[in-house]
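First residue of the sequence shown? That's 170 in my numbering, and the numbers climb one at a time after it. Where is the CB? At the ideal position from N, CA and C, for every residue including glycine. Note that the structure is predicted; figures quoted are calculated from it, not measured.
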Amino acid sequence: MDIYIIYRYHNCMVIYITVYSYDAMKAKLTQGQSNPNMASAFVPGHVTGFFTIHDDASDPLQCGSLGAGFSVESGTLTTVSILKSTDSRVRVKYNGNTINGIVSKEVVMSMLADKGGKYRVNVTHQSPLAVGAGFGASGAGALGTAMALQKILFGSEERISAARYAHMAEVRNHTGLGDVIAQTVGGFEIRTRPGAPGIGQTASIGYPEDIHVLLAGSPGLETEKILTDSTHRKRINAIGQRLVEEIMSNPTVDVFVSCSERFSDAIGLATSRVKSALSDLKAQGFTWSGMVMLGDSVFCLCKGNWKTARHILRQYWKKEEIVVTSISAEGGNLQ
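So, in structure tokens, the structure goes:
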């Protein structure tokens with residue numbers, strides 16, 4: 170498989186069932202578009218700089234987060250295929266490897282319950298984003314699954330209704346609170362009201378269109394542990410609320426980066442590698458950099474020579490753990 174060709178074809182990622190060449194990939198996607206039992210959706214990755222936790226409501230649709238972040242062109246292309254069966258089963262693959270995929274599975278089972286009937290469902294995700302690094306891979310997979318399966322089961326392309334299934338699955342599994350709503354709208358967002366898409370609300374932050382986004386990271390901080398730990402929750406909400414109010418009054422990239430830095434310092438979750446990498450980046454003039462929430466990861470918004478920033482990050486992360494991309498102005502879409 171030529172990953173480089175696949176990368177160029179979808180401007181940062183692609184998903185497939187079995188693809189071994191550029192032409193075969195195009196043929197497979199074309200086949201999926203005409204097959205009523207198969208559909209694909211692309212969802213951008215997402216990075217959060219700071220946030221607050223709002224998950225006390227009994228209805229997961231009312232749960233969510235306040236905060237700010239941005240969606241990126243590197244994301245996940247999800248393909249779903251179904252067959253009627255005597256029982257319902259779900260198989261999930263990520264970059265060709267079978268995984269537990271509890272969030273994607275919950276999306277599928279919830280939608281099948283609403284539809285009625287039994288199906289064998291295959292879900293395949295392909296992405297350059299590491300799971301558990303804070304790059305929104307879980308939310309992207311959940312939203313892509315929901316959008317593709319909704320198209321198959323209900324013939325609907327309505328984004329908000331699909332996104333609610335994804336949001337509920339994320340909340341119930343403690344894998345995220347605000348990624349799905351952000352990945353639904355795209356761009357550089359402030360989450361101004363908690364809740365699922367259609368309930369929660371967002372505002373936009375203006376940004377230069379020519380900036381490169383560098384992401385470097387690997388799994389390290391478990392979102393579930395952070396979101397369910399009472400000490401972390403109190404600390405996060407205490408500082409997060411003030412920062413949300415600050416950026417709402419002055420929605421700029423400079424304020425976002427400043428708020429992200431103060432949030433990271435206050436909650437004390439940055440690893441030594443994150444601290445060192447950010448120190449080196451800022452010493453070289455890459456001031457729009459910060460810790461990714463939540464992960465052993467950093468982001469760098471480059472206005473200049475992004476290759477220099479990448480060289481710095483290579484001192485701390487492997488080549489395959491670094492992604493060079495850009496901000497995605499759009500949210501998830503069917504392919």
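**Study point:** Other residues of its chain near Arg260: CB distance less than 6 Å, five sequence neighbours each side excluded
**Key:** Within the sequence shown, the letter at position 91 stands for residue 260. Taken in chain order, the residues that qualify are Asn291.
Practice item. Can you check DSSP and say which residues form a bridge with Lys509? Key: Shown here, the chain extends from 170 to 504; a query on residue 509 therefore has no answer.
Practice item. Count the C-beta pairs between the segment 388 to 402 and the segment 267 to 277 that are closer than 8 Å, then say yes if the count reaches three, no if not. Key: Contact between the segment 388 to 402 and the segment 267 to 277 is absent, because fewer than three Cβ pairs lie under 8 Å.
**Study point:** CB of Asp409 within 7 Å of CB of Thr221, strictly
**Key:** Counted from its first residue, the sequence shown places residue 409 at position 240. Counted from its first residue, the sequence shown places residue 221 at position 52. The identity of residue 409 in the sequence shown is Gly, whereas the question assumes Asp. Gly409 is a Cβ neighbour of Thr221, given a cutoff of 7 Å.
Review point. Would you say Ala385 and Trp486 are within 7 Å of each other, going by their C-beta atoms?
Key: If you number the sequence shown from 1, residue 385 lands on position 216. If you number the sequence shown from 1, residue 486 lands on position 317. Contact: yes.
Check your understanding: If we call anything under 7 Å between Cβ atoms a contact, is Val128 one with Ala446?
Key -> A question about residue 128 goes unanswered here, because the residues of the chain that appear run from 170 up to 504.
**Study point:** Under 7 Å between C-beta atoms of Phe357 and Ile380
**Key:** As a first step, residue 357 is located in the sequence shown; it is residue number 188 there, counting from the start. As a first step, residue 380 is located in the sequence shown; it is residue number 211 there, counting from the start. No, the pair does not count as a contact, with Cβ atoms beyond the cut-off.
**Study point:** Rounded C-alpha distance that separates Leu412 from Phe219
**Key:** Taking the first residue of the sequence shown as position 1, residue 412 is located at position 243. Taking the first residue of the sequence shown as position 1, residue 219 is located at position 50. Distance between the alpha carbons of Leu412 and Phe219: 8 Å.
Review point. Residue ranges of each beta strand (DSSP E) run of no fewer than 3 residues wholly in the segment 288 to 356, ordered along the chain?
Key: 288 to 295
Check your understanding: From Phe425 to Leu252, what does the alpha carbon distance come to, in whole angstroms?
Key -> Taking the first residue of the sequence shown as position 1, residue 425 is located at position 256. Taking the first residue of the sequence shown as position 1, residue 252 is located at position 83. Straight-line Cα distance between these residues: approximately 46 Å.
Check your understanding: How big is the Cα-Cα spacing for Met462 and Ala317?
Key -> Residue numbering aside, residue 462 sits at position 293 when the sequence shown is read from its first letter. Residue numbering aside, residue 317 sits at position 148 when the sequence shown is read from its first letter. Between Met462 and Ala317, the C-alpha separation is close to 27 Å.
Check your understanding: Roughly how far, in whole angstroms, is the beta-carbon of Asn502 from the beta-carbon of Phe304, given that I think they are within contact range, below 8 Å?
Key -> Residue 502 sits at position 333 when you count from the first residue of the sequence shown. Residue 304 sits at position 135 when you count from the first residue of the sequence shown. Their Cβ separation, rounded to whole angstroms, is 19 Å, which puts Asn502 and Phe304 out of contact at 8 Å.
Exercise for review: Could you say if the segment 491 to 498 and the segment 241 to 251 meet the contact criterion of at least three C-beta pairs nearer than 8 Å?
Suggested key: yes
Check your understanding: Counting only runs that start and end within the segment 218 to 243, where is the beta strand (DSSP E) found for 3 or more residues in a row?
Key -> none
Exercise for review: Measure the alpha-carbon distance for Val349 versus Ile359 and round it to whole angstroms.
Suggested key: Locating residue 349 in the sequence shown gives position 180, counting from the first residue. Locating residue 359 in the sequence shown gives position 190, counting from the first residue. Taking the straight line from one Cα to the other gives about 13 Å.
**Study point:** Closest residue to Ser204 among His215, Ser441 and Lys320 (Cα-Cα distance)
**Key:** As a working note, residue 204 is residue 35 in the sequence shown. Contrary to the premise, residue 204 reads as Asn rather than Ser in this sequence. Ranking the options by Cα distance to Asn204, first place goes to Lys320.
Check your understanding: Does the distance from the C-beta atom of Gln352 to that of Gly308 stay below 7 Å?
Key -> Within the sequence shown, the letter at position 183 stands for residue 352. Within the sequence shown, the letter at position 139 stands for residue 308. Yes.
Point to revise | 7 Å Cβ cutoff met for Thr293 and Thr248 | key: Numbered from 1 along the sequence shown, position 124 holds the residue referred to as residue 293. Numbered from 1 along the sequence shown, position 79 holds the residue referred to as residue 248. For Thr293 and Thr248, yes; Cβs fall inside 7 Å.
Practice item. Could you tell me if Thr314 is buried or exposed, where buried requires 16 or more neighbouring beta carbons within 10 angstroms of its beta carbon? Key: Taking the sequence shown and counting its residues from 1, the one referred to as residue 314 is at position 145. Thr314 is buried by the Cβ-count criterion.
Practice item. Could you check how far apart the C-beta atoms of Ala439 and Met460 are, in whole angstroms? I think they sit under 8 Å. Key: Counted from its first residue, the sequence shown places residue 439 at position 270. Counted from its first residue, the sequence shown places residue 460 at position 291. For a cut-off of 8 Å, the C-beta gap from Ala439 to Met460 is around 5 Å, short enough to register as a contact.
Exercise for review: Buried or exposed for Ile329, please, with buried defined as at least 16 other CB atoms from any protein chain shown within 10 angstroms of its CB.
Suggested key: As a first step, residue 329 must be located in the sequence shown, where it is residue number 160. That one is exposed.
Check your understanding: From Leu390 to Asp434, what does the alpha carbon distance come to, in whole angstroms?
Key -> Here the question's residue 390 lines up with position 221 in the sequence shown. Here the question's residue 434 lines up with position 265 in the sequence shown. Rounded to whole angstroms, Leu390 to Asp434 spans 16 Å at the Cα level.
**Study point:** Backbone CA spacing between His401 and Thr255 [nearest angstrom]
**Key:** Within the sequence shown, residue 401 is the residue found at index 232, counting from 1. Within the sequence shown, residue 255 is the residue found at index 86, counting from 1. Roughly 45 Å separates the two Cα atoms.
Exercise for review: On a CA-only basis, which of Met280, Ala302, Ser250 and Asn264 is nearest Gly296? Give me that one, please.
Suggested key: As a first step, residue 296 must be located in the sequence shown, where it is residue number 127. The question names Gly, but residue 296 in the sequence shown is Ser. Residue Asn264 is the option with its Cα nearest to Ser296.
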